[in-house]
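Notes follow once the structure below has been shown.
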Amino acid sequence: MRRQSRVPADGGFTMIEVVVALALVTGMMAALGAYFVSSVRASRYQAQIQTAARLAQSGMEAARGLGGPTLLTGRAECGSCTDVGGFDTAGYLSGTVRWDAAAGGIAPAVPLPDVAEPAIVRDVVYHRHFLVGRCWQPAGGGECGPSAGLPVAMVRLVVAVVWDSPDCGSSRCYRAATSLFSADSTDPVFDQ
Numbered sequence: 000m001r002r003q004s005r006v007p008a009d010g011g012f013t014m015i016e017v018v019v020a021l022a023l024v025t026g027m028m029a030a031l032g033a034y035f036v037s038s039v040r041a042s043r044y045q046a047q048i049q050t051a052a053r054l055a056q057s058g059m060e061a062a063r064g065l066g067g068p069t070l071l072t073g074r075a076e077c078g079s080c081t082d083v084g085g086f087d088t089a090g091y092l093s094g095t096v097r098w099d100a101a102a103g104g105i106a107p108a109v110p111l112p113d114v115a116e117p118a119i120v121r122d123v124v125y126h127r128h129f130l131v132g133r134c135w136q137p138a139g140g141g142e143c144g145p146s147a148g149l150p151v152a153m154v155r156l157v158v159a160v161v162w163d164s165p166d167c168g169s170s171r172c173y174r175a176a177t178s179l180f181s182a183d184s185t186d187p188v189f190d191q
């Protein structure tokens with residue numbers, strides 16, 4: 000008579016393998032899910048920064064075609080203008096005489112700072128502000144400052160873009176573009 004070999008009983012072992020495999024897959028998915036969420040958030044914030052930079056540059060390009068003296072049209076020296084410390088985080092206007100007050104009866108060439116230009120891009124509302132200051136330089140060049148006794152008059156334009164985002168520390172994000180223009184009306188201006 001032939002002896003039958005018994006197959007060892009492994010009942011339940013397959014169930015343990017499945018549970019361990021599910022635990023490993025769940026752990027990996029949780030880790031990848033956190034990575035996915037943080038990478039989507041970072042890419043969204045980078046897209047917002049790029050949009051703000053594009054809006055600031057397009058405002059700067061529009062103003063560049065006007066020239067320095069025209070940027071002062073419809074504006075007067077500030078007595079008590081809106082505080083722009085939040086917009087001008089890098090201090091671009093610190094060495095200038097602010098020229099952001101409304102001049103009576105004349106429409107400004109670029110909007111005054113308290114009149115923001117809104118733009119909505121991918122459900123985010125951006126506000127663009129044009130800040131103008133006058134400064135003067137020595138004839139040989141150098142830093143532009145608030146002393147009107149220097150011979151070369153300049154106009155500093157800061158185009159600031161502001162938007163709300165939880166990715167910024169204060170929940171408000173700022174980006175700016177700045178440029179110096181000659182205030183001399185005899186300098187050529189090339190229209191765009």
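Just so we're aligned, residue 0 is where the sequence shown starts under numbering that gives the first Met the number 0, counting upward by one. From the three backbone atoms N, C-alpha and C, an ideal C-beta is built for every residue, glycine too.
How would you label residue i, buried or exposed, when you count the other beta carbons within 10 angstroms and need 16 or more for buried?
i: phenylalanine 35; result: exposed
i: proline 107; result: buried
i: leucine 71; result: buried
i: proline 165; result: exposed
i: aspartate 99; result: buried
i: arginine 174; result: buried
i: alanine 51; result: buried
i: glycine 168; result: exposed
i: glutamine 3; result: exposed
i: glycine 104; result: exposed
i: glutamine 201; result: Since the first and last residues shown for the chain are 0 and 191, residue 201 lies out of range.
i: valine 17; result: exposed
i: glutamine 47; result: buried
Residue j and residue i - do their beta-carbons sit closer together than 9 Å?
i: glycine 32; j: glutamate 116; result: no
i: valine 154; j: cysteine 172; result: no
i: valine 151; j: leucine 130; result: no
i: leucine 156; j: phenylalanine 180; result: yes
i: alanine 176; j: alanine 55; result: yes
i: valine 124; j: aspartate 163; result: yes
i: leucine 111; j: arginine 63; result: no
i: glycine 94; j: cysteine 143; result: yes
i: threonine 81; j: aspartate 113; result: yes
i: histidine 126; j: alanine 118; result: yes
i: serine 178; j: proline 68; result: no
Quick check on this structure: which residue in the options has the alpha carbon closest to the alpha carbon of residue i?
i: proline 145; options: Gly26, Val17, Val96; result: Val96
i: alanine 182; options: Thr88, Leu65, Ser170; result: Leu65
i: histidine 128; options: Ala101, Val160, Gly140, Ile15; result: Val160
i: glycine 78; options: Gly132, Gly139, Arg43; result: Gly132
i: phenylalanine 170; options: Gly141, Gly140, Tyr44, Val19; result: In the sequence on display, residue 170 carries serine and not phenylalanine. Among Gly141, Gly140, Tyr44, Val19, the Cα nearest to that of serine 170 is on Tyr44.
Could you tell me which residues DSSP puts in a beta bridge with residue i?
i: glutamate 116; result: Arg127
i: leucine 156; result: Val131, Ser178
i: tryptophan 162; result: Tyr125, Cys172
Does any C-beta atom of chain C lie closer than 9 Å to the C-beta of residue i?
i: glutamine 45; result: Among the chains in the structure shown there is no chain C, since it carries only a single protein chain.
Which runs of the alpha helix (DSSP H) spanning at least 4 residues fall entirely within the region 17 to 84, listed in chain order?
-> Fully enclosed alpha helix (DSSP H) runs of no fewer than 4 residues occupy 67 to 70 of the region 17 to 84, in order along the chain.
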